[in-house]
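Novice: Structure incoming, see below.
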Amino acid sequence: MRLAAFTLIAAAALLRAADGPGTVPAGSASNKPDQERVETPPPPFTDGIFPCSNCHATQPVNRTRRELKDMHTDIDLRHDETHRWCLDCHDATNRDFLHLASGERIPFEESYLLCGQCHGEKLRDWRAGVHGRRTGNWNGTKSYLLCAHCHNPHQPRFHALAPKPAPRPPARPSR
Amino acid sequence: MENDAKHNSENLSRRGFAAAAAGAATWILTSCGPKRLYEVPKDRLRTKISELEQRYQQRYHEHINVADTQPMAGVEYAYALDLSRCIGCRRCVYACVAENNQSRDPQIQWIRVLSMEKEKGVDLAHADPYYNPPEVPEEGHFYMPVQCQHCENPPCTKVCPTAATWKERDGIVVIDYDWCIGCRYCMAACPYGARHFNWAEPEIPTAEINPNTHYLGNRPRTKGVVEKCTFCIQRTRTGRYPACEEVCPVGARKFGNLLDAGSEIRYIIEHKRVFVLKEDLNTVPRFFYFYAT
Amino acid sequence: MPLDTSVDTIRLFSGFTRGSLRLMLRGNRAYWTWLAVLGALILSGILAYVDQVRTGLALTAMRDQVSWGFYIGNFTFLVGVAAAAVVLVIPAYIYNWKPIREIVIYGELLAISAILMCLMFVMVDIGRPDRFWHLIPGIGYLNFPRSVLAWDVLVLNIYFVVNFVVATHILYRAFHGRHYIKRLVVPLVLFSIPMAVGIHTVTAFLYNGLAARPYWNSSILAPQFLASAFCSGPAILLVVMQLLRRFTRFEIQDQAIWKIAELMAYAMFLNLFLHGAEAFKEFYSSTEHLLYTRYWYLGLGGHHTLVPYAWSAVALNILAFAIFIVPAVRRNWIALNIGCLATYAGVYIEKGMGLIIPGLTPDTLGEIYEYYPTVTELRVAAGIFAVGFLVFTLMLKVAVPISLGEFLGRENEHRLETVPVPAAAGD
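As they're listed, the protein sequences go chains A, B and C. Note that this note's numbering has the first sequence beginning at 57, numbered continuously upward. Note that this note's numbering has the second sequence beginning at 40, numbered continuously upward. Note that this note's numbering has the third sequence beginning at 55, numbered continuously upward.
This is how it looks when you write it as structure tokens:
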């Protein structure tokens, strides 16, 4: 049993993630039926951790809520952790998938559907291009990022950043 | 009779001379005299632009491409900025500086990010552009980046005594840096502090020059002229997003075609709480601030 | 025949020019010292300006936050001085009021020098003076009628030309012992009255029309400009009149001087009243626009550089009003001159820096950058004032003897008989 480890990559890394983007046609976002799949760059897995079944396929499923001691110790769940645990989102029978509340299995590429179950308003805005960043062409091919590219699913609150230098205040000539 | 004929021919030649002189004067005024670039006929514009490119080549020892991409039909640009998302990290400021060849010293920055107190709301009198904490966002603060608002009713263009600045068909307010005399009346007229003056010769490290330029946008400027945000005219007129939009780590910046009902900009205006800065001045900005949540 | 007349005109005019030059080169030690001082100031101004052109306006204290400063402040003040010639012109020509009439020419000369300084102050303020020709219709493009600055360029130049033509014509005719041509002068003078009001109104509108700057965006600005101009212009003239009276044979009646002082009292009252009205509106309604007025009178957020100037201006203006409004006081020569100086200084402060700086501070995004001029700006400005004083001095040097009839183009006297005098000449 294994959890796919997501890592929040800060601003600079996000830029790189945008280099291999999936695409949507111009101006069509708001016309799209809600369930239509959106092209996105690959999910931001920690190197070598996917597919999860590499390890989990041979391990018995342990459904008890517990503190992880051997693997995934880096994960500190801060996402409504009192009500939630790994298997609420990760599929127990096929670890290479997530699952919705209905039990429907979804690939990591469509994780936004999972997020959207609670954050429906955000999903709607994201589809319209209002939530999250778009790059590319305003009137052509543009790329989205997955929710997980910016928000660590285990700790979704956006991290603080160091600001770039403040402007220099106006100064009188030295002479 | 003879006298009359002589008189007539003299008259004719005099008239001919007058016509020739008038013609010559017109030619000098219309073709020789350097006019505002946007009045220059298409064919001569290209010549003028290659002259520009040669000048830049000499100055920066690098080929700088100066495009003259025209506005697209059926397009009017607009910008929206999500105040509930912006964390004041100033990534946009520096992406803009790099993209648009802004002077590093003296420092010119087309985007100014204001830190404001949540308790006071949008209150320019208490805004701070010089905030510099180790990390943003700061507790109890929100951030408001301000740049050219590309007003529908721009107070800056009408005051220009030489008409060196104007609004293009696609809504971008531009400046002809070769026609501006540097009187700075537009700076006094702009309610958003969007216009910046080259108080000294602008300095950009040669290695950091962006060689993809537009003649109304990010081509290198000289001292003594005014400059400002052009919605990255060199990018947006070829369909790309502006540099500040693409760099924003929180996706607070939105850009698109106001006339396209399916654009994200229209979605925001129609579905979100939107406001413009200093609405009472009736400048009708094409730059909207909104709260996504 | 027409050819003959024009040749005569050229000869007569070159006689006038040569005569004028001769007058300018004649003077006592004080005159030459004065010219030397002005010359030194001009030289220093030119050197500072060359430096400024080479480095850029970075040598001034102006920045994006406060994008206009000392230069434009002086420009505004001097437009007022130029406009004030009208105070003398109105009674002289419309009411034919004799005592003022004889000194009206000096008002016009003052206007010429003031406009000259105005144009120079604009020139040194622009970032690309080499592109000045972009403003000239035909070879350049003047954004008329949309830009108020285009209007200002036009009216200032027209006003300059009108005053120059009238003054030159009157002196030229007097030089040749003849009266000016009424048919030419009277319409031009009548035209220059609305022009004088016009240059100052347009200059006020230059600021007034900017909704971005609430301190200027008040309809009281233009009337207040005119009121203060009618104080500052005559204040300079009154001093000049007394100097002329003392050092030349020029006779100016006391009555004329007192009359002008009385007019100044009314103008100053109006000026103070309008300032008071504006201050009341700002402080009582206490909107966010109060910031600028507050910065000027009280300071803002620990920035108090301008506050002493603001209150000095108020005090000086009130003092001047008190002196000029009481007949017995304004007839005392010492009091009168103190009143003139107070007016000049008061209006200079409130109309120069007091208008421009609070208009731009805090800037449109709320930032406070405390502007005060640099040495470069002071030197350039002093140079321009020196040019103005030089031009005024040289013109006086010509005008005084000519209007006193001390200096005539004698070499032309015998020709005068043969030249047909236009019918309208003389009265």
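Backbone N, C-alpha and C fix where the C-beta goes; we use that ideal spot for every residue, glycine too. Quantities reported herein were computed from a predicted structural model and do not represent experimental measurements.
When the Cα atoms are used, what is the spatial distance from A/Met-57 to A/Leu-170?
Specialist: The residue labelled residue 57 of chain A in the question sits at position 1 within the first sequence. The residue labelled residue 170 of chain A in the question sits at position 114 within the first sequence. Caution is warranted here: a pLDDT of 37 is assigned to A/Met-57, below 50, making its placement in the model unreliable, and the coordinate value is therefore given only provisionally. Near 20 Å, if we compare the C-alpha coordinates of A/Leu-170 and A/Met-57.
Novice: For C/Ser-246 versus C/Tyr-213, is the C-beta distance shorter than 9 Å?
Specialist: As a position in the third sequence, residue 246 of chain C is number 192, starting the count at 1. As a position in the third sequence, residue 213 of chain C is number 159, starting the count at 1. Yes, these two residues count as a Cβ contact at 9 Å.
Novice: Mind checking which residues open and close the alpha helix (DSSP H) that includes B/Glu-138?
Specialist: Taking the second sequence and counting its residues from 1, the one referred to as residue 138 of chain B is at position 99. Unbroken alpha helix (DSSP H) run through B/Glu-138: 130 to 138.
Novice: When we look at the beta-carbon of B/Met-40 and count the other beta-carbons within 10 Å, is it buried (16 or more) or exposed?
Specialist: Counting from 1 along the second sequence, the entry for residue 40 of chain B is found at position 1. Since pLDDT at B/Met-40 reaches only 44, below the 50 mark, its modelled position is unreliable, and the value read off the structure follows with that caveat. With fewer than 16 other Cβ atoms within 10 Å, it is exposed.
Novice: Over what stretch of residues does the alpha helix (DSSP H) that includes C/Asp-206 continue unbroken?
Specialist: Indexing the third sequence from 1 puts residue 206 of chain C at position 152. Counting along the chain, the alpha helix (DSSP H) containing C/Asp-206 begins and ends at 202 to 229.
Novice: Sort out for me which residues DSSP pairs B/Ala-106 with in a bridge.
Specialist: Taking the second sequence and counting its residues from 1, the one referred to as residue 106 of chain B is at position 67. Its beta-bridge partners are B/His-253.
Novice: At what residues does the beta strand (DSSP E) containing C/Ser-457 begin and finish?
Specialist: To locate residue 457 of chain C, count along the third sequence from 1; it is residue 403. Unbroken run through C/Ser-457 is the alpha helix (DSSP H), 429 to 457; no beta strand (DSSP E).
Novice: So which residues of chain C does B/Gly-278 contact, with C-beta pairs closer than 8 Å?
Specialist: In the second sequence, counting from the first residue as 1, residue 278 of chain B sits at position 239. Going along chain C, no residue has its Cβ under 8 Å from B/Gly-278, so there is no contact; the nearest lies around 32 Å.
Novice: Would B/Ile-307 pass as an interface residue toward chain A - the criterion being a Cβ-Cβ separation below 9 Å?
Specialist: Here residue 307 of chain B corresponds to residue number 268 of the second sequence, with the count starting at 1. B/Ile-307 counts as touching chain A.
Novice: By the 8 Å beta-carbon criterion, what residues does the region 156 to 179 of chain B contribute toward chain A?
Specialist: The residues in question are Pro-168, Tyr-169, Tyr-170, Asn-171, Pro-172, Pro-173, Glu-174, Val-175, Pro-176.
Novice: Report the residues of the region 118 to 149 of chain B with a CB closer than 7 Å to any CB of chain A, ordered along the chain.
Specialist: Flagged, chain order: Ile-126, Gly-127, Cys-128, Arg-129, Arg-130, Val-132, Tyr-133, Gln-146, Gln-148.
Novice: Would you kindly work out how many angstroms separate the C-alpha atoms of C/Ala-399 and B/Gly-263, rounded to a whole number?
Specialist: The count along the third sequence starts at 1 and reaches residue 399 of chain C at position 345. The count along the second sequence starts at 1 and reaches residue 263 of chain B at position 224. Going from the Cα of C/Ala-399 to the Cα of B/Gly-263 covers about 32 Å.
Novice: Is B/Thr-221 close to chain C? Criterion is C-beta to C-beta, closer than 9 Å.
Specialist: Taking the first residue of the second sequence as position 1, residue 221 of chain B is located at position 182. Reading the sequence as shown, one finds Gly at residue 221 of chain B and not Thr. It does; some Cβ of chain C falls within 9 Å.
Novice: Excluding the 5 residues flanking B/Tyr-99 on each side, which residues of the same chain have their C-beta closer than 6 Å to its C-beta?
Specialist: Reading the second sequence from its first residue, position 60 is the one you call residue 99 of chain B. So the list reads Thr-245, Ile-248, once near-sequence residues are dropped.
Novice: Whose Cβ in chain B lies nearer than 7 Å to the Cβ of C/Asp-417?
Specialist: As a position in the third sequence, residue 417 of chain C is number 363, starting the count at 1. Result: Gly-232.
Novice: May I ask you to list, following chain order, the residues of the region 178 to 193 of chain B that have a beta carbon less than 8 Å from some beta carbon of chain A?
Specialist: Listed by position along the chain: nothing, the set is empty.
Novice: Is there a Cβ of chain A sitting closer than 9 Å to that of C/Arg-433, yes or no?
Specialist: Taking the third sequence and counting its residues from 1, the one referred to as residue 433 of chain C is at position 379. No, C/Arg-433 lies away from the interface with chain A (no Cβ there is under 9 Å from its Cβ).
Novice: Does DSSP put C/His-188 in a helix, a strand or coil?
Specialist: In the third sequence, residue 188 of chain C corresponds to position 134, counting from 1. DSSP places C/His-188 in helix when its eight states are reduced to three.
Novice: Check each residue of the region 179 to 197 of chain A: if its Cβ is closer than 8 Å to any Cβ of chain B, include it; give the result in chain order.
Specialist: If the cut-off is 8 Å between Cβ atoms, the region 179 to 197 of chain A has Asp-181, Ala-184, Gly-185, Val-186, His-187, Gly-188, Arg-189, Arg-190, Thr-191, Gly-192, Asn-193, Trp-194, Asn-195, Gly-196 near chain B.
Novice: From the DSSP secondary-structure annotation, give me the bridge partner or partners of B/Gly-295.
Specialist: In the second sequence, the residue the question calls residue 295 of chain B occupies position 256. DSSP, once it has assigned bridges, lists B/Ala-117 as partnering B/Gly-295.
Novice: Measuring alpha carbon to alpha carbon, tell me which residue in B/Asp-319, B/Ala-106, B/Arg-143, B/Pro-281 is nearest B/Ala-119.
Specialist: For the purposes of this step, residue 119 of chain B is taken as the residue at position 80 of the second sequence. Ranking B/Asp-319, B/Ala-106, B/Arg-143, B/Pro-281 by Cα distance to B/Ala-119 puts B/Pro-281 first.
Novice: Tell me the DSSP bridge mates of B/Lys-206?
Specialist: Taking the first residue of the second sequence as 1, we reach residue 206 of chain B at position 167. DSSP, once it has assigned bridges, lists B/Val-212 as partnering B/Lys-206.
Novice: Strictly under 9 Å for the Cβ-Cβ distance: is A/Pro-226 near chain C by that measure?
Specialist: Locating residue 226 of chain A in the first sequence gives position 170, where the first residue counts as 1. Closer than 9 Å: yes.
Novice: Looking only at DSSP bridge pairs, what is C/Met-177 linked to?
Specialist: Numbered from 1 along the third sequence, position 123 holds the residue referred to as residue 177 of chain C. Bridge partners of C/Met-177: none, in fact.
Novice: Closer than 8 Å by beta-carbon distance: list the chain C residues that pair up with A/Pro-229, in chain order.
Specialist: Translated into positions along the first sequence, residue 229 of chain A becomes position 173. Within 8 Å Cβ-Cβ: Ala-112, Leu-113, Thr-114, Ala-115, Thr-428, Thr-430.
Novice: Would you grab the beta carbon distance between A/Pro-223 and B/Gln-186 for me? Rounded to a whole angstrom, and I think it's under 8 Å.
Specialist: The residue labelled residue 223 of chain A in the question sits at position 167 within the first sequence. The residue labelled residue 186 of chain B in the question sits at position 147 within the second sequence. No, A/Pro-223 and B/Gln-186 are not in contact; Cβ-Cβ is about 13 Å, not under 8 Å.
Novice: Express the C-alpha separation of B/Leu-122 and B/Phe-314 in angstroms, rounding to a whole number.
Specialist: In the second sequence, residue 314 of chain B corresponds to position 275, counting from 1. In the second sequence, residue 122 of chain B corresponds to position 83, counting from 1. Cα to Cα, the separation comes out at about 10 Å.
Novice: Taking B/Lys-262 as the query, report the chain A residues whose CB atoms sit under 8 Å from its CB, ordered along the chain.
Specialist: Here residue 262 of chain B corresponds to residue number 223 of the second sequence, with the count starting at 1. Within chain A, no residue comes near B/Lys-262; the closest Cβ sits about 14 Å away, beyond 8 Å.
Novice: Ordered along the chain, which non-local residues of its own chain (more than five positions away) have a Cβ less than 8 Å from that of C/Ile-438?
Specialist: Counted from its first residue, the third sequence places residue 438 of chain C at position 384. Cβ within range, chain order: Gly-99, Asn-128, Met-171, Met-174, Phe-175, Val-178.
Novice: Count the other C-beta atoms from every protein chain shown that fall within 10 angstroms of the C-beta of B/Asn-237, then say buried if there are 16 or more, exposed otherwise.
Specialist: Taking the second sequence and counting its residues from 1, one reaches residue 237 of chain B at position 198. Buried.
Novice: Taking the straight line between their C-alpha atoms, what separation do you get for A/Ser-86 and B/Arg-305?
Specialist: The sequence position of residue 86 of chain A within the first sequence is 30, counting from 1. The sequence position of residue 305 of chain B within the second sequence is 266, counting from 1. Any answer about A/Ser-86 is weak, because its pLDDT of 39 lies below 50 and its placement is not dependable; what the coordinates show is given next. Taking the straight line joining both Cα atoms gives about 10 Å.
Novice: So is B/Met-226 in contact with chain A if we call contact Cβ pairs under 9 Å?
Specialist: Residue numbering aside, residue 226 of chain B sits at position 187 when the second sequence is read from its first letter. Not an interface residue.
Novice: Please return the same chain residues whose Cβ sits closer than 6 Å to the Cβ of A/Pro-77, not counting the five positions on each side in sequence.
Specialist: Translated into positions along the first sequence, residue 77 of chain A becomes position 21. For A/Pro-77, the predicted structure reports a pLDDT of 38, less than 50, and the residue's modelled location is therefore unreliable. The matter cannot be settled from this model.
Novice: Considering just the uninterrupted stretch of the beta strand (DSSP E) at B/Tyr-224, what are its terminal residues?
Specialist: Against the second sequence, residue 224 of chain B aligns to sequence position 185. Careful: B/Tyr-224 lies outside any beta strand (DSSP E), inside the alpha helix (DSSP H) at 224 to 228.
Novice: Counting Cβ pairs, one atom from each stretch, are 3 or more of them under 8 Å apart for the region 383 to 394 of chain C and the region 83 to 103 of chain C?
Specialist: Contact between the region 383 to 394 of chain C and the region 83 to 103 of chain C is absent, because fewer than three Cβ pairs lie under 8 Å.
Novice: Specify, as a first and last residue, the run of the alpha helix (DSSP H) that B/Arg-98 falls within.
Specialist: In the second sequence, the residue the question calls residue 98 of chain B occupies position 59. From DSSP, the alpha helix (DSSP H) with B/Arg-98 extends over 81 to 99.
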